[in-house]
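One structure below.
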Amino acid sequence: NGWTADPSKFCAGLPGAVSPLGEFDPLGFTKDLPVQEIKRFREAEVTHGRVAMLATLGYLVAEKFHPLFGGEISGPANSHLG
4 NGWTADPSKF
14 CAGLPGAVSP
24 LGEFDPLGFT
34 KDLPVQEIKR
44 FREAEVTHGR
54 VAMLATLGYL
64 VAEKFHPLFG
74 GEISGPANSH
84 LG
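Take 4 as the starting number for the sequence shown in the numbering used here and just add one per residue.
And the structure:
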């Protein structure tokens with residue numbers, strides 16, 4: 004993809020800083036880390052984001068489509084949490 008690491012830049016120059024936040028790392032997780040570790044953090048963040056999106060989709064679909072247990076689920080899922 005043409006990207007090369009630049010240790011003098013934020014997160015070794017990886018793309019992703021967007022306004023209004025810009026270089027957002029308030030707790031300094033990426034400070035003094037090697038490039039491979041920063042890339043591992045980036046990959047973990049993307050993976051967890053994808054899992055969260057699938058979980059949200061599953062939650063919404065399950066509200067109207069529940070073929071298990073004969074379809075007898077009383078009420079919305081929110082009422083079963085507490």
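Note that beta-carbon positions come from the ideal geometry of N, C-alpha and C, so glycine has one too.
Straight-line measurement puts the Cα of Ser22 at about 16 Å from the Cα of Cys14. Gly25 is bridged by DSSP to Val21. Its Cα nearest to that of Pro37, the residue Ser11 stands out among Ser11, Phe27, Gly61 and Phe68. Rounded to the nearest angstrom, the gap between the Cα atoms of Asp28 and Pro70 is 44 Å. With contacts defined as CB atoms closer than 9 Å, Ile41 and Leu57 fail to qualify as a contacting pair. Assigned with DSSP and collapsed to three states, Phe68 falls in coil, not helix or strand. DSSP places Ala55 within a helical segment (H, G or I) once states are collapsed to three.
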